[in-house]
Amino acid sequence: MKKKSFWIISIIILVIISGACSYLVVEHQKEVRILRKEQQSRAKILNYQKPLTDKAGTFIWLYAYQKGSTKNENYINSQLKLARKTDFKYVVLPIVFKKGYVQNDKFDFSEFDEAISVARKNHLVPIIEFSSDSPQDSQMYKIHPKKVIDKYCKMIKFAIRRYRGRGVVWQMWNEPNSLFWFNQSENGNEKSLTKAWNGLGRKMQGWVRQYDPNSVFLGGNLAGNYVDSKTAIKSALNTGLASYPDAISNHPYLSSQESRNGAPENLFAVNSRKKLISFGTKNTQSSLKKMPLVTTEFGYSMEKSHHGVWSEGDQANYLARSLFVLDMMHQPIISLYSLVDEGNGDSQWGMYRGTAPNYVAKQSGRLIMELLSNLNGYTLNDRVKLNSQNDYVLKYERKGYANRYVCWTLDANKDVWIAHQKVTLSQTPQIVYDK
484 MKKKSFWIIS IIILVIISGA CSYLVVEHQK EVRILRKEQQ SRAKILNYQK PLTDKAGTFI
544 WLYAYQKGST KNENYINSQL KLARKTDFKY VVLPIVFKKG YVQNDKFDFS EFDEAISVAR
604 KNHLVPIIEF SSDSPQDSQM YKIHPKKVID KYCKMIKFAI RRYRGRGVVW QMWNEPNSLF
664 WFNQSENGNE KSLTKAWNGL GRKMQGWVRQ YDPNSVFLGG NLAGNYVDSK TAIKSALNTG
724 LASYPDAISN HPYLSSQESR NGAPENLFAV NSRKKLISFG TKNTQSSLKK MPLVTTEFGY
784 SMEKSHHGVW SEGDQANYLA RSLFVLDMMH QPIISLYSLV DEGNGDSQWG MYRGTAPNYV
844 AKQSGRLIME LLSNLNGYTL NDRVKLNSQN DYVLKYERKG YANRYVCWTL DANKDVWIAH
904 QKVTLSQTPQ IVYDK
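If you use our numbering, the sequence shown corresponds to residues 484 to 918, in order.
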């Protein structure tokens, strides 16, 4: 009898152990599938081999008029609808911790909630970045930097939790190597400052991975192209910039003093991956070779700015060409500054002039809308070689459709043959349809 009981108990124990092991195996497999799905989601966002229309974006300001006013609501909603009409995929939406929006160290998200909702209804992907406009905190930072950073960490973490699962791309504090980091010293190169904002970046990446693991975190969000920001970038790399983000973003504005009046083709020299890698150490260079690089601000002003001033025609040509140049540089996100003039200072960076909701397209708005709408779903294949390096012919492909070629020249107008057709190249990019 005792022997029989022993075997019964043994069998029961084995069944329990077997069941527990099976459960653990199933749970582990489930966890592996979830992690794999999250990795695939992040990889899809940062895949550079996707259609240009799945890369292009623009910046939208949200704070032109009184908080909560019908005028400001109309301003925000009109821009979002216009971004969709222009065939942009991404919209950079800044959360700015400023007077009227922050009370008792809490941000009022009511307007931002509506902006996210309207963006999603218009099939736009928000890129959320952060900044502050508080003279008091800028002064406090000089005395108690940790206290100030902790305050903003709480609000940033809350925002990430609030908008998790909403298809948002998360981005670092806006231009931390500039005056936007609590009105720091003008050069923005102090190691202590770089270390401080890299520390914030690491925390943000951790919160994104914890609360919104299907999304990505864009580190850096640096002011300036790599050459202009060389000292700050070297310092940032030495304090870990290459170690934690899913991608590094920057704002590679060009000066009109650059070659050809600051034409976007200068980006090949001053903002190349090769240039960035050269600033790293042996420990960081391997990471930089694989790190996705993205642009979340780039533009040309029609009024005098510290970068220069450009005609309406040059603004249109350069903005449009910058999309293709950065596509050639394998960037998965390319966002232009800015969509409209209204609310974005006096320098006329926008592609549209006027006031909401009656925006009027400049040459840049018309040209970019025309190009993107006719390249919907088309992916860059390669550059077609011609006799002159100043002539650009880019072959775009879409499965089941005839190829299309985007072409322009840096020189005076000239005739060339593209896809068995005689085409007159100009400095304005155009599309040639394969027959």
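From the three backbone atoms N, C-alpha and C, an ideal C-beta is built for every residue, glycine too.
- Query: Roughly how many angstroms separate the alpha carbons of Gln920 and Val498, rounded to a whole number?
  - Reply: The structure shown has nothing for residue 920, since the chain only spans 484 to 918.
- Message: Quick check on Arg743: does DSSP put it in helix, strand or coil?
- Response: helix
- Task: Look at the alpha carbon of Ile817 and the alpha carbon of Ser621, and state the distance between them as a whole number of angstroms.
- Result: 31 Å
- Item | Coarse secondary structure for Tyr861, derived from DSSP in three states | coil
- Task: Evaluate Ala803 with the Cβ neighbour count: other Cβ atoms within 10 Å of its Cβ, from every protein chain shown; 16 or more gives buried, anything less gives exposed.
- Result: buried
- Taking the C-alpha atoms as reference points, what is the distance between Gly796 and Glu594? 35 Å
- Message: Here's a check: name, in chain order, each residue in its chain whose Cβ is nearer than 7 Å to the Cβ of Phe700, leaving out the five neighbours to either side.
- Response: Trp653, Met687, Gln688, Val691, Pro728 and Asp729
- Cβ neighbour criterion (16 or more within 10 Å) applied to Ala503: exposed
- Item | beta strand (DSSP E) runs wholly inside the segment 796-864, at least 3 long, in chain order | 817-819
- Item | Whole-angstrom distance between Tyr546 and Lys568, CA atom to CA atom | 22 Å
- Tell me, which residues are paired with Val691 by DSSP? DSSP, once it has assigned bridges, lists no residue as partnering Val691.
- By DSSP, does Ile543 sit in helix, in strand, or in coil? coil
- Roughly how many whole angstroms lie between the Cα atoms of Glu521 and Ala895? 49 Å
- When the Cα atoms are used, what is the spatial distance from Tyr875 to Arg685? 40 Å
- Rounded to a whole number of angstroms, what is the C-alpha to C-alpha distance between Phe571 and Ser761? 33 Å
- Item | 6 Å CB neighbourhood of Lys524 in its chain, flanking five on each side removed | The question names Lys, but residue 524 is Ser in the sequence shown. So the list reads Asn697, once near-sequence residues are dropped.
- If we ignore side chains and look at the alpha-carbon of each, how far apart do Val867 and Ile517 end up? 42 Å
- Message: I need the straight-line Cα distance from Gln831 to Ser784, nearest angstrom please.
- Response: 5 Å
- Item | Cβ-based neighbour list, Ser770, same chain, cut-off 6 Å, excluding 5 preceding and 5 following | Ala725
- Between which two residues does the alpha helix (DSSP H) containing Arg567 stretch? Thr553 to Lys568
- Item | Residue nearest to Lys582 in terms of C-alpha spacing, selected from Ala679, Lys550 and Gly791 | Lys550
- Let me know if Glu786 comes out buried or exposed under the rule of 16 or more other beta-carbons within 10 Å of its beta-carbon. exposed
- Message: Quick check on DSSP: helix, strand or coil for Leu607?
- Response: coil
- Ile639 burial status per 10 Å Cβ neighbour count (16 or more: buried): buried
- Taking the alpha-carbon positions, what's the Gln693 to Arg649 distance? 15 Å
- Message: To the nearest angstrom, how far is the alpha carbon of Ile643 from that of Glu741?
- Response: 39 Å
- Task: Taking the CB atoms as reference points, tell me whether Asn704 and Thr779 lie closer together than 8 Å.
- Result: yes
- Query: How would you write the range of the beta strand (DSSP E) that Asn733 sits in, first residue to last?
  - Reply: Ala730 to His734
- Query: Quick one: any contact between the segment 842-849 and the segment 804-816, if contact means 3 or more CB pairs under 8 Å?
  - Reply: no
- Query: Among Val753, Asp695, Leu737 and Lys773, which one has its Cα closest to the Cα of Ile731?
  - Reply: Lys773
- Item | Ser614 (DSSP reduced to helix, strand or coil) | strand
- Less than 8 Å between the CB atoms is what I'm expecting for Phe663 and Asn657, so what's the real figure, rounded? 5 Å
- Taking the alpha-carbon positions, what's the Leu563 to Ser712 distance? 31 Å
- Query: For Leu446, which option in Leu908, Met834 and Pro912 has the closest C-alpha, if you only look at C-alpha atoms?
  - Reply: The structure shown has nothing for residue 446, since the chain only spans 484 to 918.
- Could you tell me which of Ile496, Ser505, Gln586 and Arg887 sits nearest to Ser856, measuring between CA atoms? Arg887
- Any idea if Ala922 is buried or exposed, counting beta-carbon neighbours within 10 angstroms, 16 or more meaning buried? Absent from the structure is residue 922, since the part of the chain shown begins at 484 and ends at 918.
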